[in-house]
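In UniProt numbering, the protein residues as written are 1 to 945. Some notes on the structure that comes next.
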Amino acid sequence: MARAMTILQALEDAAEDIRDPTAYVRTAVRSAGGVAPEEVEEEEEERNWYVQATPGGEEDALEDDEVEIEVEEVEEEPHQRSRQGSTQASFVPRGVKAEPGARPWTTTKEEELSESDRIARRVDWLNRNAGLSAPVQIELVVPLLESIGFRQAMRVLRRLEESGAETADPNEFIRDLIGRSGWIWAKPDVIDDDQKVAKRVAWLNEFGCLKRKIEWAEVADILDGLRVPHAMVLLRELEMQGNKVADPTAYIKRTAGLAGEDDIQMPADDPNSAVQQRIAELNSGGTLAAAIDLADVGDDLGRIGEDDAMQLLQEVADKGASVRDPTGYIRFKLRAKLASVGSSLAPSDDGTKILKRVEWLNDYGGLLQDIDYDKVSSTLESVGIDHAMTILKELEDQREGVRNPTTFILNSARSSWKRAAASDPAPKRLSGAAFPAPDASASKKRSLQTSSAPAPARGGRAQTTQAPATQLEVLNDFMSFLGKSPAVKRQVRLSEIAGAVDALGTARALRVLKEMQERGLGLDDPVSYIKAAAQRHSPGVKKESTGYEEPEEVDDVSKLTSRLTWLNQFAGLSRKINIDEVVGALYCLGLLQSMSILRGLQERGSDVDDPTRYIKTAVQRANMASVLGEVKDEDAEDEDEAEGDDAGASEEEDAGEEVEQEAEEEAADEDGQWDNVEEEDGWEEPKDELDPAGFEWDEEEKVQTPPTKKSGGSVSSASKLAARDAAKEAAAALAKKRNVPKRVVGALTGYTQLVPTRAQGFTHQRGGVKREPTEAPLEEGEEANVHEEKVKSSRTPQLPVTPQEKMVQVRDYALKNELHLDAGCLKAMARLPFYRAKDMIDDVLLGGRNRQGVQNPSRYLMGAVQKLSMGLGVEQGIAMELAVTLGVVLNNDALDELACIPRKESHAIMRELSKNPEVRSDPLRYIKNEVLKCRAQMDARPFGS
Numbered sequence: 001m002a003r004a005m006t007i008l009q010a011l012e013d014a015a016e017d018i019r020d021p022t023a024y025v026r027t028a029v030r031s032a033g034g035v036a037p038e039e040v041e042e043e044e045e046e047r048n049w050y051v052q053a054t055p056g057g058e059e060d061a062l063e064d065d066e067v068e069i070e071v072e073e074v075e076e077e078p079h080q081r082s083r084q085g086s087t088q089a090s091f092v093p094r095g096v097k098a099e100p101g102a103r104p105w106t107t108t109k110e111e112e113l114s115e116s117d118r119i120a121r122r123v124d125w126l127n128r129n130a131g132l133s134a135p136v137q138i139e140l141v142v143p144l145l146e147s148i149g150f151r152q153a154m155r156v157l158r159r160l161e162e163s164g165a166e167t168a169d170p171n172e173f174i175r176d177l178i179g180r181s182g183w184i185w186a187k188p189d190v191i192d193d194d195q196k197v198a199k200r201v202a203w204l205n206e207f208g209c210l211k212r213k214i215e216w217a218e219v220a221d222i223l224d225g226l227r228v229p230h231a232m233v234l235l236r237e238l239e240m241q242g243n244k245v246a247d248p249t250a251y252i253k254r255t256a257g258l259a260g261e262d263d264i265q266m267p268a269d270d271p272n273s274a275v276q277q278r279i280a281e282l283n284s285g286g287t288l289a290a291a292i293d294l295a296d297v298g299d300d301l302g303r304i305g306e307d308d309a310m311q312l313l314q315e316v317a318d319k320g321a322s323v324r325d326p327t328g329y330i331r332f333k334l335r336a337k338l339a340s341v342g343s344s345l346a347p348s349d350d351g352t353k354i355l356k357r358v359e360w361l362n363d364y365g366g367l368l369q370d371i372d373y374d375k376v377s378s379t380l381e382s383v384g385i386d387h388a389m390t391i392l393k394e395l396e397d398q399r400e401g402v403r404n405p406t407t408f409i410l411n412s413a414r415s416s417w418k419r420a421a422a423s424d425p426a427p428k429r430l431s432g433a434a435f436p437a438p439d440a441s442a443s444k445k446r447s448l449q450t451s452s453a454p455a456p457a458r459g460g461r462a463q464t465t466q467a468p469a470t471q472l473e474v475l476n477d478f479m480s481f482l483g484k485s486p487a488v489k490r491q492v493r494l495s496e497i498a499g500a501v502d503a504l505g506t507a508r509a510l511r512v513l514k515e516m517q518e519r520g521l522g523l524d525d526p527v528s529y530i531k532a533a534a535q536r537h538s539p540g541v542k543k544e545s546t547g548y549e550e551p552e553e554v555d556d557v558s559k560l561t562s563r564l565t566w567l568n569q570f571a572g573l574s575r576k577i578n579i580d581e582v583v584g585a586l587y588c589l590g591l592l593q594s595m596s597i598l599r600g601l602q603e604r605g606s607d608v609d610d611p612t613r614y615i616k617t618a619v620q621r622a623n624m625a626s627v628l629g630e631v632k633d634e635d636a637e638d639e640d641e642a643e644g645d646d647a648g649a650s651e652e653e654d655a656g657e658e659v660e661q662e663a664e665e666e667a668a669d670e671d672g673q674w675d676n677v678e679e680e681d682g683w684e685e686p687k688d689e690l691d692p693a694g695f696e697w698d699e700e701e702k703v704q705t706p707p708t709k710k711s712g713g714s715v716s717s718a719s720k721l722a723a724r725d726a727a728k729e730a731a732a733a734l735a736k737k738r739n740v741p742k743r744v745v746g747a748l749t750g751y752t753q754l755v756p757t758r759a760q761g762f763t764h765q766r767g768g769v770k771r772e773p774t775e776a777p778l779e780e781g782e783e784a785n786v787h788e789e790k791v792k793s794s795r796t797p798q799l800p801v802t803p804q805e806k807m808v809q810v811r812d813y814a815l816k817n818e819l820h821l822d823a824g825c826l827k828a829m830a831r832l833p834f835y836r837a838k839d840m841i842d843d844v845l846l847g848g849r850n851r852q853g854v855q856n857p858s859r860y861l862m863g864a865v866q867k868l869s870m871g872l873g874v875e876q877g878i879a880m881e882l883a884v885t886l887g888v889v890l891n892n893d894a895l896d897e898l899a900c901i902p903r904k905e906s907h908a909i910m911r912e913l914s915k916n917p918e919v920r921s922d923p924l925r926y927i928k929n930e931v932l933k934c935r936a937q938m939d940a941r942p943f944g945s
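Printed below as a string of C-alpha cells:
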C-alpha cells in the first residue's frame, strides 16, 4: 500500500508533464517489482484523494520529497544485458529518481500521516480542485470532522465534492452534515471503541446544545473506568436533558459516582509478553499449517495463566503441520481447560447485551418514552437473557400502544413469575444464572427421562429423580429441537412460540415436544402446530397471550381462508378442501354461519368423504333456510346439514303451539283442569314449508285459529276471545316476518331500509320528524301522523354538491388566499370533503409540515392527497355494488357524478348503460350528460315534489 501511495504521489507531482498516466503507473509498478496488466485501457476512479498535490513542477516536487524505487536484481543471460541496458531507462518513470550503480533494495520511503493530516489534505484538495463557491476553513472544520471519525468525515467531504458550486457556504454545509451524523454512535463499525467515547464528548460540545462544554481532561479517567456501552448511555442521557443541565462535567462525575465503575478486564495486548512473543515466533517459523489468530485466542490464553498458555503453545509446536487449524485447536483446548475450572470460553455478559438492546430501543425503537435502565436492569437480568430479549421484542412490536415502557417491562416480568409460580410446585423467581440454556444432549436427556420415568407403585411413594422443568427450560428445549431438526424448513424465532408455550404450561408443552420428537408431528409448520395446540388446550389463556392471537382488524375472507387452511393441515380430513371453490360462497353466507359449518366439518373429520362438496351443500341449505325464514339453533343446523334431514316443524305450528299453551294456562286458572282436546273453527294442521307445490299460501291456510281445549263443562267466552286475539297477533307477526326480502347470494338487498333513498339537508328536517321509507303496511287501528307525512319544504330541494361545484369551491378558496393551483390538484382536492381540503390549504399557507414554506403548492397538495387513505362514500359504494352486479365498470369520477343525484335516477342510468352497447364506449360522458339532465329537471320543480 505504501509503495502504491508513493507512485501516485509522484504521478500527482509530475501531472503536467505526463501525457499517459496509465502507462506511467504500469511502468512504475513493473519497475518496483510488481505485476501490471497488459495494455488494456481502464478508467480508474480517484480513490486516494487525501494525498496533497504540490502546485509546483517536477523539479520542485523532487526537491520536496525524493522517492527512491528499487528494481529487483534479476540474473540474465549475457545476450540479454545489452537489451536491458537500452530499455532500463524506459522502465524508470519520469519524476522518479533511481541511483545508478547502487545496490538494489526492497523498501521504499513511506510517509506516515495521521487522520487529522489526511482530512486536512483532503480539504485542501477540495479548495483547489472542487470548484467551491467559497474556500473551506481548514482550522475551523478539521476539529469538527475529527469528532465523527475518519470514515464519516470522508463521507461528508464526498457529499461536499458532489454538491460543488451549488453549495453557497461550504463551511455551514459541513457543520450541518456533522450535526446530523448522530446515528454513527449506534454503529460499531464506524468508530473504534477506544476512540468512540472521546469523539462522542467532542461532538456533544459542538452539537449537543449544552449550556457549558464538557471538560474532557476532568472526565476522561472517569469515563475510562466505565465500559464503552455504559459510557455511551450516560452521554446519551446527558444529550437528552441538554439545556437542563447547568454543568455537564459535574453531571458526568455525579452520575458515574452513583453507578460505580465497571470491572473491566483489559486485554493482554502487551507485545513484550512471553505468550505473544511465542505466537509471533511460531507464525514466522513456518512450521505450522496456518498462522495462529492472536486476536481470536489472545484474551482466552491470558485467562488460563502464562505457564499453561506456554505449555499449550508448545504442544501446538510439537504437532507442527499435522494440525490444520492451529487456532481452532487452541480454542478446543481452551474450552476444556476453562470448563475444568468452572469457567466458559465465551463469557456471557448478559448485562451488556440487555444494556445494548435497551439503548437501541431508546434511540431507534420509536418508543413514546425512554426506558429507565436503572429500574429494569435487575429485573431483566433476573428473568434470564432469553426471556428478557423476548420481553423487549414484545415491547418493540407494541411500541405504539405502550405509554410507559418501563412499567410494561416490569409488568411483563411479574406476569412471567406468576405463570412460573403457578406451574412449578415450589414457586420461585427465574434467574438467568440458575437456568442456563441447555445443550442438545441435556434437552434429549430431559425428554427421555420424562417419557421413560416409571410410574410409582400403588400405595407407595414416587421417587423423583429430577426436578420439574420450568417454562424457560421448556422454551429452550423447543428452540434447541427446532434449530437442529432437519425436517424444519425455516428458522423459528423465539418470539413466535414464546406466548404459545407459556399458554400450554410446563407439562402440556413437554407432551407436545415429545410428540414432535417421536412422531414428527407439525414439523412442516411448527409455529402453527404449537399455536394450534395452545388454542385447543388453553382457551382461557389465549386471550391473555398476545404472541399467537389472530389480528382483530382482518377481513372475513382472510379469516375464512385461515380457517380452511388450518382444517386442511390439522383436522385429519380424508381430502383437502378446495379453498378457491368454497371461500366465495362462505363469504356471501356470513362469517357466523360459515364458522358454524366449518366447526361441524371439524367435528366429523375423516367421516366426510368429500369436504368441498359437504361445504357447498351446507351453504345451499343455509341459503334456502334463509329464504324460507327458518330460524334454527346453530348446533341443530349443523346436524341437519350433515344428515340431510328436512326442516322440522314450521314457524306457524310453533306459534300455534305457544298460543295453545297460553290459552290452556288461562283456562285452567278459571275453569279447572282440561279433559279433552278438540279441533275448533275449522282448524287444520299447517302445511310443511318445504311443500314442492310452491312457497306461497293464502293467509287463511297460513295461520288458523288454534285449537282450544274443553273441560267437562263449557269453556268461558273470555278464554276463547283471548286465544283468538293471541292467534291474530302471532299471524300478524309471522306475516311481517315473511315480508323481508329474500336473501340471494351475490345480490344487493336491504340497503333501502337503513339508508335513505336521497340525502337530505338539515334544513329539510326542521318542522317535523324525519321518516324512513317502510315496506310493511300499517296495522288496523294505527293512525299515521298526517302532519309528519305532509311536512315538506316550500323551497327547491338542495341537491348534493357535484364534483365540479366542489372544485369551484376549492379554487375560489385557494384564490382568496392567493394560491394558484393547477387542474390536477383541484380535481384531486375535489375528492375530499371541503373542510379537509380547506385545512390542507391552510396548512400550505402556514408553511407546510415543517413550517419552512412551500415552493410548489400544487405538488405539495397532490402528495398530501395521495397519502390519505380515502374510501368510497355511502352513495358511491352502493353505486359500485350495483355496477358490479350489472357488469358495468365505473371509475371514481363516474361514481362521484352518480352520487350527486337521487339513488333511483342513478340506478336507472346504470341499468340503461348496461343494456345500451352504444353508450358503453364512453360511459363517463354518458353519465355526465344524464346527470346534468336529471339535475336540471329537479331544479325546475317548484316545490321539490
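Don't be surprised by glycine CBs; every beta carbon is placed ideally from N, CA and C.
Pairwise C-alpha distance: residue j and residue i
i      : j      : result
Ala864 : Lys827 : 13 Å
Lys484 : Leu868 : 47 Å
Pro93  : Ser31  : Residue placement at Pro93 is poorly supported in this model, since its pLDDT is 44, which falls under 50; the coordinates are not used for a value here.
Leu367 : Leu113 : 44 Å
Tyr926 : Val919 : 6 Å
Asp698 : Ile878 : Confidence is the limiting factor: at Asp698 the pLDDT is only 42, short of 50, which leaves the residue's position unreliable, though a coordinate-based value still follows. Whole-angstrom Cα-Cα distance: 35 Å.
Ala837 : Glu905 : 29 Å
Gly505 : Ser596 : 29 Å
Asp681 : Asn623 : At Asp681, the pLDDT of 40 sits below 50, so the modelled position is not reliable and the matter cannot be decided from this model.
Val931 : Met840 : 30 Å
Tyr373 : Leu238 : 14 Å
Assumed close pair residue i, residue j - CB separation to whole angstroms, cut-off 8 Å
i           : j      : result
Val610      : Arg563 : In the sequence on display, residue 610 carries Asp and not Val. Contact flag wrong, Cβ pair sits at about 18 Å.
residue 973 : Ile391 : Because the chain in this structure spans residues 1 to 945, residue 973 falls outside the shown range and cannot be described.
Ala507      : Ile530 : Not quite, the Cβ-Cβ distance comes to about 15 Å (not below 8 Å), so this is no contact.
Ile214      : Thr249 : 5 Å
Val492      : Pro526 : 6 Å
Val488      : Leu482 : 5 Å
Residue from the options with nearest C-alpha to residue i
i      : options                        : result
Phe570 : Val582, Glu518, Ser596, Gly605 : Gly605
Lys559 : Gly572, Val583, Asn578, Arg536 : Val583
Arg303 : Leu334, Leu361, Lys319, Gly365 : Leu334
Ala231 : Leu160, Gly208, Lys356         : Lys356
Arg151 : Arg118, Arg175, Asp124, Val201 : Arg118
Cys588 : Lys616, Asn568, Thr565         : Lys616
Ala256 : Tyr835, Ile191, Ser412, Leu226 : Leu226
Met938 : Pro902, Pro923, Asp893         : Pro902
Ile148 : Asp842, Arg493, Glu206         : Glu206
Gln146 : Arg724, Asp350, Gly179         : Residue 146 is actually Glu in this sequence, not Gln. That would be Gly179, whose Cα lies nearest to the Cα of Glu146.
Leu210 : Trp360, Thr561, Ile7, Val245   : Val245
Limits of the alpha helix (DSSP H) - the one that residue i falls within
i      : result
Ser485 : No alpha helix (DSSP H) contains Ser485, which DSSP labels as neither H nor E.
Val889 : Premise fails: Val889 is in no alpha helix (DSSP H) and is neither H nor E.
Pro30  : Position check: residue 30 holds Arg in this sequence, whereas Pro was assumed. 21-31 is the extent of the alpha helix (DSSP H) around Arg30.
Glu215 : Segment: none, Glu215 is in no alpha helix (DSSP H) and carries neither H nor E.
Lys514 : 506-519
Ala828 : 823-830
Ala388 : 385-397
Met806 : According to the sequence provided, residue 806 is Lys. The question's Met does not apply to it. Residues 803-816.
Proximal residues to residue i (C-beta, below 8 Å), its chain only, five neighbours per side dropped
i      : result
Asn362 : Arg236, Asp370, Ile371
Ala165 : Gly131, Leu132, Ser133
Asp822 : Ser858
6 Å Cβ shell around residue i - same chain, five flanking residues per side excluded
i      : result
Glu396 : Gly365
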